[in-house]
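If you read the sequences in order, they're chains A and B. Residue 1 is where the first sequence starts when you use the numbering used here, and the numbers rise one by one after that. Residue 1001 is where the second sequence starts when you use the numbering used here, and the numbers rise one by one after that. Virtual Cβ for every residue (Gly too), placed ideally from N, Cα, C. Computed from a predicted structure; not experimentally measured.
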Amino acid sequence: MKEENRQEKSRARVLTGFWVRTLCFVVLAISALGYAAYALIPKSDYGICSMLNFYNQPRDSIDVLVVGTSIGYAGVNTNVLWEEYGIAAYDLCSAEQPFWITYYQLKEALKTQKPKVILLDAKPAIYTQDYSKKGRIILSTYGILSPENRIAAIKASLEDQSKLRDYILVFPVLHNGYNKITEDMFAFPPTNGDRGSNWKGFIEEDAVEQHSRPSFVWNNVRRNINAREEEYVRKIFELAEEEGIPLFVVCLPNPDYNNDHMYMNYLWSIAEEYNVSGIEGEIGINYNDFELRYGLRYSSCFADWQHLNVKGSIIFSKKLGEDLKAWYDLPDRRGDEAYSTWQAAADEWYEKLPEFESSGVEAKQE
Amino acid sequence: MSILSLDFLGMALAALILYYALPMKIRWLVLLAASGLFAALAGWQGAAHLAGAALLSWGGGLLLEKKRSRWILAVCLVIDIGAMAFIKYYPTISGATLFVPLGLSYFTFQTAGYLIDVYRKKVTAERNPLKSLLFAGYFLQLPQGPISTWKELGSQLTEGHRLDPDNIASGFQRMVWGYFKKMVLADRLAVMTDALLKGEDMPGWFVLGGVVLYAIRLYADFSGGLDIVRGISRMFGVRLPENFRRPFFADSVADYWRRWHITLGTWFRSYLLYPLVTSKAAVAFTKAVTPVFGKKTARALPTAFATLLVFVLIGIWHMASWNAVIFGTYFGLVMAISLLLEPMWKKINKGLHLPKKGWLLPFKLIRTWILVLIAQYFAFTFEPAQAWSLLQQTFANWDFTGFAERCETVMPVLEWIIAGSAAVILLVIDIITEIKNNFCDGLAKPKWFWIRWPALIVLIVAIAVFGCYGEGFDSASFVYTQF
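And the structure:
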């Protein structure tokens, strides 16, 4: 009997040791795999980095949160908003980001931030695809860290739901990219495309392409937007309403706007249903409006057929800041120690400004 | 369900948890359920065939135990092996398409072996049909073996095992090693076979290199798959027989076949070669030819003929094609000739005082490699003419101009570096294991965790990052699954 007890105790000790070792091994293996997956994820500043960097912002520090597409991050110049008005803004945008990803990104963002206003880039209203392509899914969702929002965003983006697990596990969709790994992809936190840790999501498009102001008859005709885009833009409006945060729809200036106009009319009609902002009866602003004149030149302010260049972003953001200041109670944060990263980001950017070809600023002579 | 899929790993993990959570007596039912699910997912026709073969062996076994009749055995074997032969070879003859059950050869050989063992009174017949079913269709054996005997596996499957940390550690280690071999090395080298089959005007070094890489690939593919299933099985406490013992360290073709696909060789030796060699006809033949050839040669002749026959059958077992016939006949002839010449070689060795090992070993290894490689030309080609053409090209043009460019047409430099590194790791581990046979099991002991853990984590990450899977890869199948 004693011998049996002794053996049982010995076995229990062996098994306890085994389970402890197993647990430690699992933790180590998962950590190693997690880091390998992190290294494989392209640290593109066109999406992933702006989300990862977003988590570094002090809690409840962002006053204006811009969500949307590349038009948003190329147009809303956070450095100008800061320098001119002391507005603490952040561009949480990624290339060709549809509303279904914006919705989950916004849900994620509002966990740590309570902005005074959300600027919603209207561009996805013209998108016709029902689902997102692989590259765009990676770009727009792999920066989201919380599993529930990342998985939901991927799920909403995927046409073939059987691939959901592959995207969640990262490796099946990205491991073939090991030949593209560079040293900086291992850096944690990421270098934000060499933009530094103070960066607020603005990405300049440094080129000049000549365009002319869109020519068409301004009208109220509506053209149905994609059903899935509509479904999710409604969810975005509802989310903002639930959170009690004013949401402002912004249609950025665009040389190709004549093709977008009827979709925008439809989007505006949806926004009106929700009366999302309610400021002076405005639910947003369309910066393509013929009556708006604020110095933007279609001949020199665009990098391509849809993105503002550096000069364009400065002119546009000055106007945007003026409007935001007029409609919302946005404090001037300049001089506030808690907002030193905005000041640093703006200082760094303005120092580099003359180097941009499309800035319209003469480079200093040596 | 491929054993490379996450679904399979999930199923195995669930079965493992359930296995150890249930009372000892009914643990085998978990294996049965997992096997049933695995077989059913591979196709109901195959599952039905498997169940039929299992029931035949169960009923046949009981009958044979009751009445030891050659006729009963013969009828059972004809049905069992005949069904396999029909499914494997009828489509080639008729052009028809038949559903090939997963693990057809493996469960057929296993059930046939069981019937013969019962007839030979080596084992007692199993009373429980479900246990017979589990023996025939154990899910870890279905994809590509090994072929076990009832004596080796029967009781192991059904007796239930206590959770043994050594088994888990050792099994997990083996499984990871198997995935590494298959997914990082074997599947990466698969492109080389395509390059050989599609290539034109290839220099000799390229063809030879390709055939060598094919041999490495085949070894990594087959042994990797076996390591995966043996590893997982070990975690259940069920030890499947070893199927490979570092075949490229063989010092003769006979030694090669004792190291390559060991269980298939054992099966043919036990159930075909020995009965043929010890048959009355063979004894009578030996007697008759002794005056002509002398005692030693006359004794070797039936064994040589039987060996030739066995290898022809092994060749045909692989596939119903002329290449397979040539492959088997070639090995059979090499083995038969070496058997017949053995007395002469012994005399020469003795006369020249040649050592059995030592400095002669590299020569023997290279000789075996060359003999084995010749057979590989017929293993991956589809027509004898194709194999013959490649053999001719091997000796034709040894111009190394454009070496790098030609290699890069097969795969980029980085892929070569990964494959090369994996091959070197495989070689190092095989050399160590050849010297110290229980090296891997020893490494699984808790005290070596400081070596094992980093090594395993590196392997796991390497599989995840450099493994051939996901988009752009079709690596779900193993070469030997088709047999």
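Three-way DSSP call (helix, strand, coil) for residue i in this model
i: B:Gly1137; result: helix
i: A:Val117; result: strand
i: A:Cys251; result: strand
i: B:Val1289; result: helix
i: A:Gly284; result: strand
i: B:Ala1096; result: coil
i: B:Gly1467; result: coil
i: B:Leu1391; result: helix
i: A:Gln365; result: Residue confidence for A:Gln365 is low, a pLDDT of 46 falling below 50, so the modelled location carries little weight; the figure read from the coordinates is stated next. Three-state result, A:Gln365: coil.
i: A:Leu65; result: strand
i: A:Asp160; result: coil
i: A:Leu308; result: strand
i: A:Cys93; result: strand
i: A:Phe302; result: strand
i: B:Thr1303; result: helix
i: B:Phe1107; result: helix
i: B:Tyr1210; result: Looking at the sequence itself, residue 1210 of chain B is Gly, so the reference to Tyr does not match. DSSP places B:Gly1210 in helix when its eight states are reduced to three.
i: B:Ala1476; result: Confidence is the limiting factor: at B:Ala1476 the pLDDT is only 47, short of 50, which leaves the residue's position unreliable, though a coordinate-based value still follows. Note: B:Ala1476 maps to coil in three-state DSSP.
i: B:His1353; result: coil
i: A:Glu272; result: helix
Residue i classed as buried or exposed, judged by whether at least 16 other C-beta atoms fall within 10 angstroms
i: B:Trp1359; result: exposed
i: A:Lys133; result: exposed
i: A:Trp218; result: exposed
i: B:Asn1128; result: exposed
i: B:Val1143; result: Going by the sequence as given, residue 1143 of chain B is Pro instead of Val. Flag for B:Pro1143 reads buried.
i: B:Leu1414; result: exposed
i: A:Glu366; result: Below a pLDDT of 50, predicted positions are generally treated as unreliable, and A:Glu366, at 42, falls in that range; the measurement from the model is reported next regardless. Label assigned to A:Glu366: exposed.
i: A:Pro58; result: exposed
i: B:Leu1226; result: buried
i: A:Ile373; result: Because chain A in this structure spans residues 1 to 366, residue 373 of chain A falls outside the shown range and cannot be described.
i: A:Arg150; result: buried
i: B:Leu1301; result: buried
i: B:Leu1013; result: exposed
i: B:Cys1468; result: buried
i: A:Cys24; result: exposed
i: A:Asn288; result: buried
i: A:Tyr35; result: exposed
i: A:Ser140; result: buried
Inter-residue CB distance, residue i and residue j (contact presumed, cutoff 8 angstroms)
i: A:His261; j: A:Ser70; result: Between A:Ser70 and A:His261 the Cβ distance is about 20 angstroms, and since that is not below 8 angstroms, they are no contact.
i: B:Tyr1214; j: B:Gln1376; result: 6 angstroms
i: A:Asp63; j: A:Pro115; result: 6 angstroms
i: B:Leu1273; j: B:Thr1329; result: That pair is no contact at about 16 angstroms.
i: B:Leu1189; j: B:Leu1390; result: 17 angstroms between Cβ atoms; not a contact.
i: A:Ile236; j: A:Phe99; result: 6 angstroms
Cβ-Cβ distance between residue i and residue j below 8 angstroms
i: A:Tyr178; j: A:Ile225; result: no
i: B:Leu1373; j: B:Val1211; result: yes
i: A:Leu65; j: A:Leu92; result: yes
i: B:Thr1566; j: B:Arg1246; result: Since the first and last residues shown for chain B are 1001 and 1483, residue 1566 of chain B lies out of range.
i: B:Arg1154; j: B:Leu1115; result: One point to set straight first is that residue 1154 of chain B is Gly, not Arg, in the sequence displayed. Cβ atoms of B:Gly1154 and B:Leu1115: not closer than 8 angstroms.
i: B:Ala1039; j: B:Leu1134; result: no
i: A:Asn309; j: A:Asp206; result: yes
i: B:Val1334; j: B:Leu1365; result: no
i: B:Met1001; j: B:Leu1064; result: no
i: B:Arg1406; j: B:Phe1206; result: yes
i: A:Ile87; j: A:Leu330; result: yes
i: B:Ala1048; j: B:Ile1081; result: no
i: B:Pro1343; j: B:Lys1296; result: yes
i: A:Leu174; j: A:Ile137; result: no
i: A:Arg21; j: B:Phe1236; result: no
Task: At least three beta-carbon pairs within less than 8 angstroms, the stretch 1343-1357 of chain B to the stretch 1158-1175 of chain B - done: Taking 8 angstroms as the limit for Cβ pairs, the verdict is that the stretch 1158-1175 of chain B does not touch the stretch 1343-1357 of chain B.
Task: the stretch 1024-1033 of chain B in contact with the stretch 339-347 of chain A per 3-pair CB rule at 8 angstroms - done: Result no; under three Cβ-Cβ pairs closer than 8 angstroms.
Open item on the list: With three or more C-beta pairs closer than 8 angstroms as the rule, is the stretch 1053-1070 of chain B touching the stretch 1171-1191 of chain B?
Closed with: no
Task: Contact the stretch 246-257 of chain A vs the stretch 115-134 of chain A: 3+ CB pairs below 8 angstroms - done: yes
Task: Contacting positions in the stretch 1083-1099 of chain B - beta carbon closer than 8 angstroms to chain C - done: Absent here is chain C; the protein component of the structure consists of chains A and B.
Task: Touch test, the stretch 103-113 of chain A against the stretch 16-23 of chain A, Cβ-Cβ under 8 angstroms, three pairs minimum - done: no
Open item on the list: Would the stretch 313-321 of chain A count as touching the stretch 75-86 of chain A if we require 3 or more Cβ pairs under 8 angstroms?
Closed with: Touching, yes.
Task: the stretch 320-330 of chain A in contact with the stretch 226-240 of chain A per 3-pair CB rule at 8 angstroms - done: no
Open item on the list: Is it the case that the stretch 1084-1104 of chain B contacts the stretch 1305-1321 of chain B, given that we only count it when at least three CB pairs across the two stretches are under 8 angstroms?
Closed with: yes
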